[in-house]
Amino acid sequence: MLVQEKLIKMIKEKCEDDPSISACMMYGSFTKGEGDKYSDVEFYIFLKNEWIQQFKSQNWISDIAPYDLLFFNEYETEVVVFSNLIRGEFHFLPESDIEVIRSFKDTGVFPDTESMFLYDTTGKLKACLDYLKGEGPERMTDDNVNFAFNNFVNAWLMGVNVLNRGELARSLECLSYVQQYVLRLLRVRENTVDRWLNATKNLESDLSIEAYNKYTLITSKLDAIELRSAYLNALNVIEDLARVLDNDYKFDINLVFLKKLHSHIASNS
1 MLVQEKLIKM IKEKCEDDPS ISACMMYGSF TKGEGDKYSD VEFYIFLKNE
51 WIQQFKSQNW ISDIAPYDLL FFNEYETEVV VFSNLIRGEF HFLPESDIEV
101 IRSFKDTGVF PDTESMFLYD TTGKLKACLD YLKGEGPERM TDDNVNFAFN
151 NFVNAWLMGV NVLNRGELAR SLECLSYVQQ YVLRLLRVRE NTVDRWLNAT
201 KNLESDLSIE AYNKYTLITS KLDAIELRSA YLNALNVIED LARVLDNDYK
251 FDINLVFLKK LHSHIASNS
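For the sequence shown, the UniProt record's numbering begins at 1 and goes up steadily by one.
And the structure:
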């Protein structure tokens, strides 16, 4: 049994024994058949409303296993780094907020909602999880494709401009956004859009060798020559995608506009 699986079991048992807990669900890799020794453990834990004010999450988590760090990240998620360096994410919410689970439907595909269920006294958790079953949101739409193309242009143009100014670090940051939008369009082309919001996850197995090789061409280290090459390669990939996707989707950019971008990067080389 993996260390993470032991932690999951301990958290389930603690929820069952704790009178302040109404329900607990798990999300992440271990609910999608992808959990391994590198995975995090992630939970939504719902507290009885009358216990909210006196509940101390740090005490609750420390009863599970020793930890070295406990803090809130930029999304207000409580993150714990256990002493064995397993990372955990905990959302402690009042029982009255349990319906928030239904909002997850718009974020992706949940192939095994039964594995997400850990504990419930409310009688509501299973219905909320059942709502997540089935196909995820439709990603292969005109709006999504157009959004990706337009935001590629936005990130690409900014990245090239700051590169020309000599701001290599900032240009490298912009390149990460360029990569994100290229990957979304590559996923549309290859019909692997389940990981739309986390486009790099399992990329090595999700994309064809040809598409993966195209992605490698738009990566770079902090070097002016490599950055310029990555931006030029990204433009070439987008040009190819615009030709292919034009048959099935409506979007704002066209090949004439992309040629202007080619001229822009060439004029500053």
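The beta carbon of each residue, even a glycine, is placed where N, CA and C say it ideally should be.
What span of residues does the beta strand (DSSP E) with residue i cover, start to end?
i, result
"GLY88", "87 to 94"
"PHE117", "117 to 120"
Quick one: give me the first and last residue of the alpha helix (DSSP H) that residue i is part of.
i, result
"ALA23", "From DSSP, ALA23 is part of no alpha helix (DSSP H) but of the beta strand (DSSP E) over 21 to 27."
"ALA199", "Premise fails: ALA199 is in no alpha helix (DSSP H) and is neither H nor E."
"ASN254", "Looking at the DSSP string, ASN254 is not in any alpha helix (DSSP H), and its letter there is neither H nor E."
"TYR131", "Unbroken run through TYR131: none, as it is neither H nor E."
"GLU210", "209 to 216"
Residue j and residue i - do their beta-carbons sit closer together than 9 Å?
i, j, result
"PHE152", "VAL178", "yes"
"LEU93", "PHE30", "no"
"LEU258", "ALA224", "no"
"GLU89", "PHE43", "yes"
"ASN84", "ALA65", "yes"
"VAL182", "VAL244", "no"
"LEU197", "THR107", "yes"
"ARG202", "GLU34", "The sequence shown places Asn at residue 202, not Arg. Contact flag set, yes."
"residue 271", "LEU255", "With the chain covering only 1 through 269, there is no way to say anything about residue 271."
"GLU95", "SER22", "yes"
"GLY159", "LEU227", "yes"
"TRP60", "LYS14", "yes"
"TYR215", "TRP156", "no"
"ASP36", "ARG87", "no"
"ASN154", "LYS250", "no"
"residue 270", "LEU172", "Examination of residue 270 is not possible in this model, given that the chain is present from 1 through 269 alone."
"MET26", "LEU118", "yes"
"ILE265", "LEU222", "no"
"GLU99", "LYS124", "yes"
"VAL80", "MET140", "no"
Verify the contact flag: residue i, CB atom, against every heavy atom of the ligand SAM, threshold strictly below 8 Å.
i, result
"SER39", "Absent from the structure shown: the ligand SAM. Ligands present: none."
Tell me residue i's beta-bridge partners as DSSP assigns them.
i, result
"VAL80", "LEU70 and GLY88"
So what does DSSP say about residue i, is it helix, strand or coil?
i, result
"MET1", "coil"
"LEU172", "helix"
"ARG102", "helix"
"LEU241", "helix"
"LYS124", "coil"
"ASP143", "helix"
"LYS221", "coil"
"GLU149", "This sequence places Phe at residue 149; Glu is not what is there. PHE149 falls in the helix class under three-state DSSP."
"GLY159", "helix"
"GLU226", "helix"
"VAL182", "helix"
"ASP206", "helix"
"ASP97", "helix"
"residue 270", "Outside the shown range of the chain (1 to 269) lies residue 270, about which nothing can therefore be said."
"GLU138", "coil"
"ASN236", "helix"
"GLU167", "coil"
"ASN268", "coil"
"ASN247", "coil"
Can you find a C-beta in chain C that's less than 9 Å from the C-beta of residue i?
i, result
"ALA65", "The displayed structure is made up of one protein chain only, and chain C is not part of it."
3-residue-minimum beta strand (DSSP E) runs that sit fully inside the UniProt domain "Polymerase beta nucleotidyltransferase" (10 to 77), ordered along the chain: The UniProt domain "Polymerase beta nucleotidyltransferase" (10 to 77) contains these whole beta strand (DSSP E) runs: 21 to 27, 41 to 47 and 67 to 72.
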